[in-house]
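A.B. asks: Below you will find the structure I want to go over with you.
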Amino acid sequence: MEPISILVVDDDRLILFTLAKGLRDAGFTVIEAGSGEQALEMCADFVPDLAILDMRMPGLSGLDVARWLRENNGAPFIFLSAYDDHETVQQAVAAGALGYLVKPVDVPHVLPTLHAALARARELHAMKQNELHLQHALNSSRDISVAIGMLMERYDYGQQEAFEKLRRSARDQRRKAGEVASDIINGMEFL
């Protein structure tokens, strides 16, 4: 199993060094960025298993980096901040953070939060994959229903007969019924 990669982004060099070293000692692969801009450059070619983002940095803030991650590569993230006021925590929650750490951090005490965030990220990824599969199945089912209706109208078939023609055509072509149905809808009949 590959080591878990964690991107740590903080403009405070001491915190960045200390947290990165502690995470490496705990067995993680750690990539360090001293600014939001540097983090985005790194994430253009690399998707970490988890990002730990300082909330407030000059230039691009952790919130800016989080938005970019959500829109571009889907990397999960938690926030790191010296602020624990309600408004700042709510901003983190609204951004989609899987956790929130308050500075100063002690790596052994941070590990349970990281493991929980990583587990939640895996669950969310699995749910997204299931959603994509279900959407594909729904679209395929919809295409099959429309194609059956088209065959019924054009050839005066009954519903079962139209379905059998579609299924037989898919089997003969060694294709999925949804693909053949899509071709029928698009005017490329293969029956």
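Just so it is clear: in the sequence shown, position 75 is 114 by the numbering used here, and no numbers are missing.
Here a beta-carbon is modelled for each residue, glycine too, at the ideal position from N, C-alpha and C.
Jot down the residue ranges of each uninterrupted beta strand (DSSP E) in the stretch 127-161, minimum 3 residues, whole runs only, in chain order.
C.D. replies: 139-141
A.B. asks: In chain order, which continuous runs of the beta strand (DSSP E) of length 3 or greater are located wholly inside the stretch 58-118?
C.D. replies: 68-72 and 89-93
A.B. asks: Tell me whether residue 184 is buried or exposed, calling it buried when 16 or more other Cβ atoms sit within 10 Å of its Cβ.
C.D. replies: exposed
A.B. asks: If you run the structure through DSSP and keep just helix, strand and coil, what is residue 45?
C.D. replies: strand
A.B. asks: Report the residue from 56, 162, 167 and 48 whose alpha carbon sits nearest the alpha carbon of residue 87.
C.D. replies: That would be 48, whose Cα lies nearest to the Cα of residue 87.
A.B. asks: On the DSSP letters alone, give me the boundaries of the alpha helix (DSSP H) that residue 204 sits inside.
C.D. replies: 198-212
A.B. asks: Beta carbon of residue 104, beta carbon of residue 61: below 9 Å?
C.D. replies: no
A.B. asks: Using DSSP's beta-bridge definition, name the partner residues of residue 184.
C.D. replies: Residue 184 pairs with nothing; no bridge assigned.
A.B. asks: Would you call the stretch 133-142 and the stretch 152-161 touching, i.e. three or more CB-CB distances under 8 Å?
C.D. replies: yes
A.B. asks: Expressed to the nearest angstrom, what Euclidean distance is found between the alpha-carbon atoms of residue 225 and residue 189?
C.D. replies: 11 Å
A.B. asks: Would you kindly work out how many angstroms separate the C-alpha atoms of residue 202 and residue 175, rounded to a whole number?
C.D. replies: 19 Å
A.B. asks: Whose C-alpha, out of 84, 167, 205 and 71, is nearest the C-alpha of residue 55?
C.D. replies: 71
A.B. asks: Where DSSP assigns a beta bridge to residue 120, which residues make up the other side?
C.D. replies: 141
A.B. asks: Can the beta-carbon of residue 156 be found closer than 9 Å to that of residue 89?
C.D. replies: yes
A.B. asks: Tell me the DSSP secondary structure of residue 169 in three-state form.
C.D. replies: helix
A.B. asks: From residue 217 to residue 180, what does the alpha carbon distance come to, in whole angstroms?
C.D. replies: 7 Å
A.B. asks: If I measure Cβ to Cβ from residue 160 and keep anything under 8 Å in the same chain, skipping five residues before and after, which residues do I get?
C.D. replies: 88, 89, 115 and 137
A.B. asks: Would you mind sorting residue 182 into buried or exposed? The rule is 16 or more other CB atoms within 10 Å of its CB.
C.D. replies: The residue in question, residue 182, is buried, as its Cβ has 16 or more Cβ neighbours within 10 Å.
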